[in-house]
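Asker: Protein chains in written order, with the numbering used here: chain A, 1 to 116; chain B, 1001 to 1118.
Backbone N, C-alpha and C define an ideal beta-carbon position, used for all residues, glycine too.
The structure displayed is predicted, hence computed values, not measured ones.
Sharing a structure with you now.
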Amino acid sequence: AQSVAQPEDQVNVAEGNPLTVKCTYSVSGNPYLFWYVQYPNRGLQFLLKYITGDNLVKGSYGFEAEFNKSQTSFHLKKPSALVSDSALYFCAVRDSLNQAGTALIFGKGTTLSVSS
Amino acid sequence: DTEVTQTPKHLVMGMTNKKSLKCEQHMGHRAMYWYKQKAKKPPELMFVYSYEKLSINESVPSRFSPECPNSSLLNLHLHALQPEDSALYLCASSQDRGTGTSGPYEQYFGPGTRLTVT
Chain A
1 AQSVAQPEDQ VNVAEGNPLT VKCTYSVSGN PYLFWYVQYP NRGLQFLLKY
51 ITGDNLVKGS YGFEAEFNKS QTSFHLKKPS ALVSDSALYF CAVRDSLNQA
101 GTALIFGKGT TLSVSS
Chain B
1001 DTEVTQTPKH LVMGMTNKKS LKCEQHMGHR AMYWYKQKAK KPPELMFVYS
1051 YEKLSINESV PSRFSPECPN SSLLNLHLHA LQPEDSALYL CASSQDRGTG
1101 TSGPYEQYFG PGTRLTVT
């Protein structure tokens, strides 16, 4: 079965410290992985994706993610957190079993709280 | 312009009402999506349109009826909803389904319509 796991419901970090939001996946075939962020009462915003190539992917707002095939992980990172980064973060993988080609399987989400 | 717009922002309807949600994008995207999202939960895919044709219907009850009048517009018609249908309804679009070697493409989401069924 294909799945995405975000093992932490909440991550707390102080402003200026590095942050990591964890994601692991289980898929058939090549993993196509995404990170989205959702601010309160808003839609999801695309941060970055891994399709192929470099294991370190750089995205919007200073975020990056590291693809690790052996650990089946795609953790989201940022060197220095901002209070404005506080939001709900979703990891997603393309559903390779869906012939329409575009459906995403989302993790349950991780709430990031950055304190000043 | 990387914006997906949705109207209305809020909607309160009774269980016997008929209403419609609207979504529009002008990015030239050829795939459009409807999702349902409960509070603090991930979005649940409802429908996918690709080149104005319905390509995915995730076993959604018939009281939800999608329509794609043209490549820029997506509607969701609502009829005889239940209180448990109250949720944030999100529209998204992407360049296309991304089944080729360059895909998949990221999806751009609208701000959503907050639906309350009374």
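Thinking just about the alpha-carbon of each residue, which of A:Y61, A:F74 and A:N68 is nearest to the one in S80 of chain A?
Answerer: A:Y61
Asker: For a quick check, are the C-beta atoms of L44 of chain A and Q38 of chain A less than 8 Å apart?
Answerer: Their beta carbons are under 8 Å apart, which means L44 of chain A touches Q38 of chain A by this criterion.
Asker: Let me know if A1031 of chain B comes out buried or exposed under the rule of 16 or more other beta-carbons within 10 Å of its beta-carbon.
Answerer: Classification for A1031 of chain B: buried.
Asker: Below 8 Å on the Cβ atoms is my contact criterion, and I expect H1026 of chain B with Q1095 of chain B to pass it. Report the Cβ-Cβ distance as a whole number of Å.
Answerer: Their Cβ separation, rounded to whole angstroms, is 13 Å, which puts H1026 of chain B and Q1095 of chain B out of contact at 8 Å.
Asker: Less than 8 Å between the beta carbons of Q10 of chain A and S116 of chain A, yes or no?
Answerer: The answer is no: Cβ separation not under 8 Å.
Asker: For a contact defined as C-beta to C-beta under 7 Å, what are the partners of T72 of chain A on chain B?
Answerer: The contacting residues do not exist; T72 of chain A stays about 18 Å from chain B at best.
Asker: What is the DSSP secondary structure of Y1051 of chain B, reduced to helix, strand or coil?
Answerer: Taken through DSSP and simplified to helix, strand or coil, Y1051 of chain B comes out as coil.
Asker: Taking 7 Å as the limit between beta carbons, can you name the residues of its chain near S1050 of chain B, skipping five residues before and five after?
Answerer: R1030, A1031, D1096 and R1097
Asker: For a cutoff of 8 Å on Cβ pairs, would you count L44 of chain A as touching chain B?
Answerer: yes
Asker: Below 8 Å on the Cβ atoms is my contact criterion, and I expect E8 of chain A with T110 of chain A to pass it. Report the Cβ-Cβ distance as a whole number of Å.
Answerer: 5 Å
Asker: So, does the CB of G107 of chain A fall closer than 8 Å to a CB anywhere in chain B?
Answerer: At least one chain B Cβ lies under 8 Å of G107 of chain A.
Asker: I'd like to know if A103 of chain A contacts chain B, where contact means its C-beta is closer than 8 Å to some C-beta of that chain.
Answerer: In terms of beta-carbon proximity, A103 of chain A lines the interface with chain B, with at least one pair separated by less than 8 Å.
Asker: By a C-beta neighbour count over all protein chains shown, 10 Å radius and 16 as the cutoff for buried, is T1005 of chain B buried or exposed?
Answerer: exposed
Asker: Using a Cβ cut-off of 9 Å, which residues of the region 1025-1059 of chain B contact any Cβ in chain A, in chain order?
Answerer: Cβ contacts with chain A come from A1031, Y1033, Y1035, Q1037, K1040, K1041, P1042, P1043, E1044, L1045, V1048, S1050, S1055, I1056 and E1058.
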